[in-house]
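Here our numbering = 1-based position in the sequence shown + 710.
Scroll down for the structure; my scribbles are underneath it.
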Amino acid sequence: METQQLERIGTDPEAFEAFYRENVEGVQRFVARRVGERERAADLTAEIFLAAITSTRTYDPRLGSPQAWLYGIARVTVAAEGRSRGRERAGIERVRGSTLISEDDIAAMDARIDAERRSRELYAAMDRLAEGERAVLELVVLDGLSVSEAAAAAGVRPVTARVRLHRARRKLRAELEGPRTSARPEAIKARRTKPQPIEEEGS
């Protein structure tokens, strides 16, 4: 989608419909990997697109594609929701049940939450990563963005994103593989206690 078309999504229903249909599957996958409840996931998807409608002036094509910009909004929205789940969302209540999130979308969200369940299990290990490292890793490895697009979505320079991605992969690999031992403790103990042969005099 071109910049001029993106700017119209807040005032032109057809432009918004095209933008929504082009990006809804990617946003749903993004949310489903981070949220395990259908109602929350549907609310967050609606909130992300509502935020996009009111934030088109913040899009800078020099920093990445419209998709990278949208993922940046999604990342901020999901993080904010996690910090304030107890707050009322009047805007979401107004759009719930509207064509923004249709019955087909709800069914698709259910399927994606189930499909992403195994991916969410990986987050137990990812929770121990620094926030910046985890954000870049998710955007590149899970959401399929390039390093440059992930940098734009996370609001950092590409070189910073590359460093964070390298560190995150290294730490996660070490976390998942765990410490390696060259031999079992029993074998080491047996070698230490095994009597050594006595050399005969004159040999």
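C-beta atoms are modelled at their ideal positions from N, C-alpha and C, and glycine is treated no differently.
All values reported here derive from a predicted model rather than from experimental measurement.
Whole-number beta carbon distance between residue j and residue i, since they are thought to touch under 8 Å
i: Asp837; j: Tyr781; result: That pair is no contact at about 20 Å.
i: Leu716; j: Pro776; result: 5 Å
i: Val857; j: Ala840; result: Not a contact, Cβ separation roughly 17 Å.
i: Val851; j: Val788; result: Wrong, their Cβ atoms sit about 17 Å apart, outside the cutoff.
Straight-line gap, residue i to residue j (C-alpha atoms, nearest Å)
i: Lys881; j: Ala835; result: 9 Å
i: Ala778; j: Glu887; result: 32 Å
i: Arg883; j: Arg844; result: 13 Å
i: Arg785; j: Ala817; result: 23 Å
i: Gly842; j: Asn733; result: 24 Å
i: Glu791; j: Gly736; result: 19 Å
Short Cβ contact (9 Å threshold) for residue i with residue j
i: Ala751; j: Ile783; result: no
i: Arg731; j: Ala725; result: no
i: Pro771; j: Thr721; result: no
i: Leu847; j: Arg879; result: yes
Sequence-distant residues of its chain with Cβ nearer than 6 Å to residue i (five each side left out)
i: Gly774; result: Glu859 and Ala862
i: Pro723; result: none
i: Val744; result: It is Arg, not Val, that sits at residue 744 in the sequence shown. Within the same chain, Arg744 has close Cβ partners Val788.
Beta-carbon contacts of residue i that lie in its chain and below 8 Å, excluding the five residues immediately before and after
i: Ile763; result: Ile719, Gly720 and Phe726
i: Glu885; result: Ala835 and Arg838
C-beta neighbour in chain D for residue i, strict 9 Å
i: Ala835; result: Judged by its chain identifiers, the structure shown contains no chain D, having just a single protein chain.
Meets three-Cβ-pair contact criterion under 8 Å: the region 866 to 878 and the region 763 to 772: Not touching, per the Cβ criterion.
Three or more C-beta pairs below 8 Å linking the region 852 to 868 and the region 748 to 762: In the pairwise beta carbon analysis, the region 852 to 868 is classified as not touching the region 748 to 762: fewer than three pairs are separated by under 8 Å.
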